[in-house]
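Colleague: Protein chains in written order, with UniProt numbering: chain F, 1 to 527; chain L, 1 to 338. Below is the structure I would like to discuss, written out as structure tokens.
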């Protein structure tokens, strides 16, 4: 593999990994803030216990999102320096504004929330959490605006002296329709992740309590029941939002990046009306569109693409020719294109990836919504779920919105190749700003260097995933604790003695006296 | 003053802010094995920086982001030239961040000590690496006319990188010790004060040498004055720490960094990456910057945003201003008005 391929793998791996943390942070952050608000408003202890339990899950995960986000910021300069030079005028300012207007808010107020229990007034403490959550949402907006500018560059003109785009309308960049659509879709996707976690873990604990013969009167029953039901509602509402925003986004993509959508449907030749593909057979993996056959639903794709049942949807073959005519059949014979100089350009993204990631995204989203509905049905009118399959299925289904989110990003990023900055079709051809991925890598960096970082980062990320999953699983199995730090009745830890959270007894000498104090109870949440 | 100069100053302020703020939490982390002999002491040391380190780290993210935003030519020259050192820095920052959080997510003696070591190791790697990157970029990198590195993967790592690395770590360790003396009580305070008293005069030397070299290359009368302020501040800080005046000592020690960083950035201006191959290849603010329009937009955003950020960060420091001891500070549930 040359530098370009290694750098792309590195970007893909680090980004998908980072984006496992991000939706959970955003989605759960919103829900924990809601729980905390309910506690401040109603003073009911179950809301406090929910806040503490889900807040801890949020924090364990939050820090990994922060740590892996650092890699993202530096990676643009490290492995993609030509890209950084080219887009600096727009892209860099969005990253800087994200740091200035969002990250400071997020990290400062999260610190206040974690350490502020009992130290600052109750309402101010609640406001700190909301400030942190709003910070993470603003940060998502800036990042998506930056990404959307690459998908659909607006608000710039090319400076003829430097050959680079220069920003002329910052407001246009911020209100890019691509960004508005992607942002709402992403936030809804983040809520699905949080909803699925609440459902899976809530049902698991409800069933565990029932099997242990605990009565609903005992304290933490309300915690799990409320968690599961809240998660169920959130999953369903978020799914509706995901579907609406996704439909809008797809219609935009048909205008802005028709090849991405046609390859998502393996639609080889232009058809009117166009059918929607359910399942494709044939040589998707060879990128040979003509050998692909699908089970289809007639008319549906025309409707999804344009809102009526008859409009033509352009096929991959025609679009490939159109793009070759407009942007060249081969890469320019220029050293800045590296190994790709003079090679033919394939404007069709990898069909197998776009086709299947699109289906994975939609399919997993549907599973998640179905699980949300199951949660509401199985807990209706005070019931507790009885089916082991249902409960363990829900537990497993925590993973489905994660898969849907990852698939969605893989689809949208792989689908715009071979461009890293995709030409905007609303702009006359000669004024378009675009940039090939092959031009974007750092020319001075060797494949060996990128290999080194790719391997190192992948190993570290793998190790971190193991610790994070172990910590989360352990914490989740243990359940909620009462306000005095002891496990609630019915929640005796099943594990080894060191699973005990109550502290004191089994803690090693030297640490016992100071950290197991009242003061630590205030912070039992965190440090 | 043109906007490029304004943003050069803004970038300098952000990097200095990062070195000052994250400097003490790097220092506290590096001192864990030196001062924190007992678990109770280590816990206390970590609590002193617990609410602050994440906010401090955002200064780094913003500093790097501002370089990218205002001077992409600097960003795109600097990072690839020091590819592997920067990857090492990222590695250090990642393991450090997760260790802070995860250390408190489970409790056994082995777990605590493992993550304590990871916090120390990650902080050392990050402090040394960032020092190396800043040292190399202010004293010269082997870059050609296109801004690309000449020579192999380690061509950027020479004595300037080493000097910068030692300077940042040594400064931060004393900075951390003075911070601990200011923020804690009991044995940690005593040990931190002893460490600072012993090492303050020596620890500032690499930093002063670095600033002095940049000044000798391209300095002015003003940077000579700034350097002198930094050098004098070392003596002032040392005097105060010896007489147990921790507040003034902390302020004076901060002036050491402020003066040195001002010397370095002031003397380097308008060059952002000097080339060791040929000074004709030096990257200047004019070569590296974005358009005036983008700089204007960012100036407005920073003019509105930065005072707010400084306001609430200062407020956080104020909320957590109390001296910490190894004993419980307040009973649970009690609300203390801020």
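Backbone N, C-alpha and C define an ideal beta-carbon position, used for all residues, glycine too.
1. Starting from residue 167/F, follow its DSSP beta bridges and name the residues at the other end.
2. Quick one: grab the DSSP three-state call for residue 135/F.
3. Ordered along the chain, which non-local residues of its own chain (more than five positions away) have a Cβ less than 7 Å from that of residue 144/L?
4. What residue range does the alpha helix (DSSP H) around residue 379/F cover?
5. So, is residue 310/F buried or exposed, given that buried needs 16 or more other C-beta atoms within 10 angstroms?
6. Report the option in 264/L, 35/L and 316/L whose CA atom is closest to the CA atom of residue 120/F.
7. Any beta-carbon of chain F closer than 9 Å to the one on residue 54/L?
8. Hey, could you find the ends of the alpha helix (DSSP H) residue 184/F is sitting in?
9. Using the C-alpha atoms, what's the distance from residue 274/L back to residue 128/F?
10. Taking CB distances under 9 Å as the criterion, tell me whether residue 84/F reaches chain L.
11. With a Cβ-Cβ cutoff of 9 Å, do residue 189/F and residue 404/F count as a contact?
12. May I ask you to report which of helix, strand or coil DSSP gives residue 293/F?
13. Which whole-angstrom value is the C-beta distance of residue 337/F and residue 438/F, which I expect to be below 8 Å?
14. Cβ closer than 8 Å: which chain L residues qualify as neighbours of residue 167/F?
15. Count the other C-beta atoms from every protein chain shown that fall within 10 angstroms of the C-beta of residue 286/L, then say buried if there are 16 or more, exposed otherwise.
16. Pick helix, strand or coil for residue 325/F, following the three-state DSSP scheme.
17. I need the straight-line Cα distance from residue 560/F to residue 472/F, nearest angstrom please.
18. In chain order, what residues of the same chain lie with their CB nearer than 8 Å to the CB of residue 72/F, ignoring the 5 residues before and after it?
19. Looking at residue 56/F and residue 339/L, is the spacing between their C-beta atoms short of 9 Å?
20. Decide yes or no for the touch test of the region 406–413 of chain F against the region 315–325 of chain F: beta carbon pairs closer than 8 Å, at least 3 of them.
21. Which residues in chain A sit within 7 Å of residue 175/L, going by Cβ to Cβ distance?
22. Span of the alpha helix (DSSP H) holding residue 26/F?
23. Where does residue 20/F land, buried or exposed, given buried means 16+ other C-beta within 10 angstroms?
24. Using the Cα positions of residue 26/F and residue 195/L, report the straight-line distance between them to the nearest angstrom.
25. Excluding five sequence neighbours on each side, which residues of the same chain lie with their C-beta closer than 7 Å to the C-beta of residue 260/F?
26. For the region 54–69 of chain L and the region 6–23 of chain L, state whether three or more C-beta atom pairs, one from each stretch, are separated by less than 8 Å.
27. Please name the residue in 116/L, 86/L, 165/L and 209/L whose C-alpha comes closest to that of residue 38/L.
28. Helix, strand or coil: how does DSSP classify residue 80/L here?
29. Looking at the strands, I want to know which residues DSSP matches up with residue 316/L.
30. Please compile the residues from chain F whose C-beta is within a distance smaller than 7 Å of the C-beta of residue 91/L.
31. State yes or no: is the beta carbon of residue 100/L nearer than 9 Å to at least one beta carbon in chain F?
32. Use the C-beta contact count for residue 335/F: other C-beta atoms within 10 angstroms, 16 or more gives buried, fewer gives exposed.
33. Taking all protein chains shown into account, decide if residue 326/L is buried (16 or more other Cβ within 10 angstroms of its Cβ) or exposed.
34. Say whether chain L places a C-beta atom closer than 9 Å to the C-beta of residue 528/F.
35. Decide if the region 178–185 of chain L is in contact with the region 146–165 of chain L; the criterion is three or more beta carbon pairs, one per stretch, under 8 Å apart.
36. So, does the CB of residue 13/F fall closer than 9 Å to a CB anywhere in chain L?
Modeller: Quick answer:
1. Position 167 of the first chain, counted from the first residue, corresponds to residue 167/F. DSSP output for residue 167/F lists 156/F as bridge partner(s).
2. Counting from 1 along the first chain, the entry for residue 135/F is found at position 135. It is helical.
3. Mapped onto the second chain, residue 144/L falls at position 144. Leaving aside the five residues that flank residue 144/L on each side, the residues in its chain whose CB is nearer than 7 Å to its CB run, in chain order, 150, 277 and 281.
4. Stepping through the first chain from its first residue, residue 379/F is reached at position 379. Counting along the chain, residue 379/F falls outside any alpha helix (DSSP H), and DSSP gives it neither H nor E.
5. Along the first chain, read from residue 1 onward, the residue named residue 310/F stands at position 310. Exposed, by the Cβ-count rule.
6. Residue numbering aside, residue 120/F sits at position 120 when the first chain is read from its first letter. Checked all of 264/L, 35/L and 316/L; the closest Cα to residue 120/F is 316/L.
7. Locating residue 54/L in the second chain gives position 54, counting from the first residue. Closer than 9 Å to some Cβ of chain F, the Cβ of residue 54/L qualifies, so yes.
8. Residue mapping note: residue 184/F aligns to position 184 of the first chain, counting from 1. Taken as a continuous stretch (DSSP letters only), the alpha helix (DSSP H) holding residue 184/F covers 177–211.
9. Your numbering for residue 128/F matches position 128 in the first chain. Your numbering for residue 274/L matches position 274 in the second chain. Near 44 Å, if we compare the C-alpha coordinates of residue 274/L and residue 128/F.
10. Translated into the one-based positions of the first chain, residue 84/F becomes position 84. By this cut-off, residue 84/F is an interface position.
11. Position 189 of the first chain holds residue 189/F. Position 404 of the first chain holds residue 404/F. Yes, they are a contact pair.
12. Residue 293/F sits at position 293 when you count from the first residue of the first chain. Reduced to three states, the DSSP call for residue 293/F is strand.
13. The residue you call residue 337/F lines up with position 337 of the first chain. The residue you call residue 438/F lines up with position 438 of the first chain. With a Cβ gap of about 5 Å, residue 337/F and residue 438/F count as contacting.
14. On the first chain, position 167 is the one that residue 167/F refers to. Close partners of residue 167/F in chain L (Cβ separation under 8 Å): 290, 291, 293, 294 and 297.
15. What you label residue 286/L is simply residue 286 of the second chain in a count that begins at 1. Answer is exposed; the Cβ neighbour count stays below 16.
16. As a first step, residue 325/F must be located in the first chain, where it is residue number 325. Looking at residue 325/F - three-state DSSP - the assignment turns out to be helix.
17. In the structure displayed, chain F extends from 1 to 527; residue 560/F sits before or after that span and is not available.
18. Along the first chain, read from residue 1 onward, the residue named residue 72/F stands at position 72. Closer than 8 Å at the Cβ level, and outside the excluded window around residue 72/F, lie 14, 15 and 18.
19. Residue numbering for chain L in the displayed model covers 1 to 338; residue 339/L lies beyond these limits and cannot be assessed.
20. no
21. The chain inventory of the structure shown lacks chain A, comprising the protein chains F and L.
22. Counting from 1 along the first chain, the entry for residue 26/F is found at position 26. Membership of residue 26/F in the alpha helix (DSSP H) is indicated by the continuous run 3–42.
23. Looking up residue 20/F in the first chain gives position 20. That one is buried.
24. Walking along the first chain from the start, residue 26/F turns up at place 26. Walking along the second chain from the start, residue 195/L turns up at place 195. Straight-line Cα distance between these residues: approximately 43 Å.
25. Within the first chain, numbered from 1, the residue matching residue 260/F stands at position 260. The residues are 253, 349, 354, 415 and 416.
26. yes
27. For the purposes of this step, residue 38/L is taken as residue 38 along the second chain, with counting starting at 1. Comparing Cα-Cα distances from residue 38/L to each of 116/L, 86/L, 165/L and 209/L, the minimum goes to 116/L.
28. Along the second chain, one-based indexing puts residue 80/L at 80. Of the three classes helix, strand and coil, the one that applies to residue 80/L here is helix, per DSSP.
29. As a working mapping, residue 316/L is identified with position 316 in the second chain. Its beta-bridge partners do not exist; DSSP assigns none.
30. Sequence index remark: in the second chain, residue 91/L carries index 91 (1-based). Per Cβ cutoff of 7 Å: 456 and 460.
31. Reading the second chain from its first residue, position 100 is the one you call residue 100/L. True, the Cβ-Cβ gap to chain F drops below 9 Å.
32. Along the first chain, one-based indexing puts residue 335/F at 335. Exposed.
33. Here residue 326/L corresponds to residue number 326 of the second chain, with the count starting at 1. With 16 or more Cβ atoms within 10 Å of its Cβ, residue 326/L is classed as buried.
34. Outside the shown range of chain F (1 to 527) lies residue 528/F, about which nothing can therefore be said.
35. Result no; under three Cβ-Cβ pairs closer than 8 Å.
36. As a first step, residue 13/F is located in the first chain; it is residue number 13 there, counting from the start. Cβ-Cβ to chain L under 9 Å: no for residue 13/F.
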